[in-house]
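Trainee: Counting from -15, one number per residue, gives the positions in the sequence shown under my numbering.
Even for Gly, the Cβ is constructed at its ideal location relative to N, Cα and C.
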Amino acid sequence: LADYVVVNVSSPNTPNLRELQRPEALDGLLSALQKRNQELASEHPRGQPVPLLVKIAPDLSERDLESIVEIALRANLAGIIATNTTTNRAGLQTSPEKVEACGAGGLSGRPLRSRSTEVIGSLYRLTRGRMTIIGVGGVFTAQDAWEKISAGASLIQLYTGFIYQGVGIARDINDELAEILHREGFRTLDEAIGCRVEGMAAA
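1. Of all the options Gln141, Gly183 and Trp130, which has the alpha carbon lying nearest to the alpha carbon of Phe170?
2. Please tell me whether Asp174 and Ala126 are closer than 9 Å, where the distance is taken between their beta carbons.
3. If you follow the alpha helix (DSSP H) that Asn21 is in, where does it begin and where does it stop?
4. Does the stretch 78 to 86 come close enough to the stretch 128 to 145 to have 3 or more Cβ pairs within less than 8 Å?
5. Between the alpha carbons of Asn21 and Leu57, how many angstroms are there, rounded?
6. Does Val(-7) pass the burial test, meaning 16 or more other C-beta atoms within 10 Å, or should it be called exposed?
7. What residues in its chain sit with their C-beta under 6 Å from that of Leu142, if we drop five residues either side in the sequence?
8. Looking at the strands, I want to know which residues DSSP matches up with Ile117.
9. Could you round the C-beta distance between Ile140 and Gly63 to whole angstroms and report it? I think they count as a contact, below 8 Å.
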């Protein structure tokens, strides 16, 4: 019934959920899920395991990302979704008082864009392109999507952009991405994945 299943261990809105990103917890969780995934597939003729991906936080160090990639590869995951919302409030135009009044929770949209792209670049380098990366965080335009694709994302997800621009945002991004690919000299999107990662700093 599902094209893929996401293990979300990174929502900041659920107390202690992000603790599951620690190596011991994540290794045990993903191993158990993949084992059950294989068991369910074996119960059906021509059954195939459902692709399993893990969704991670942007508020992780390079060392954290190294551990997550190692675990994800060992668990034979289909990919990593980068990233969930952030708990970082730096650089906002809104006054600290108003931000504080909003309470705790994850920040999405444009303030997340650069950080999520940095994480994508690090993941692409660490996986050497061997794992699908789904880029999400602050995508409102084709240029935003292009930044994530050229950093290493194979696919793009949207959420906040839909709220502000409606469902037509997907069509607009696709049309403009085709123009960007042509301008940059790529025949297909696959050719462009990770094309600028070498010039990016580590997360």
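Mentor: Here's the rundown:
1. Trp130
2. No.
3. Pro7 to Ser26
4. no
5. If I take the Cα positions, the gap works out to 16 Å.
6. buried
7. Sequence-distant Cβ neighbours of Leu142 in its own chain, meaning closer than 6 Å and more than five residues away, are Val123.
8. Paired residue(s): Ile64.
9. Rounded to the nearest angstrom, the Cβ distance from Ile140 to Gly63 is 13 Å, too far for a contact under 8 Å.
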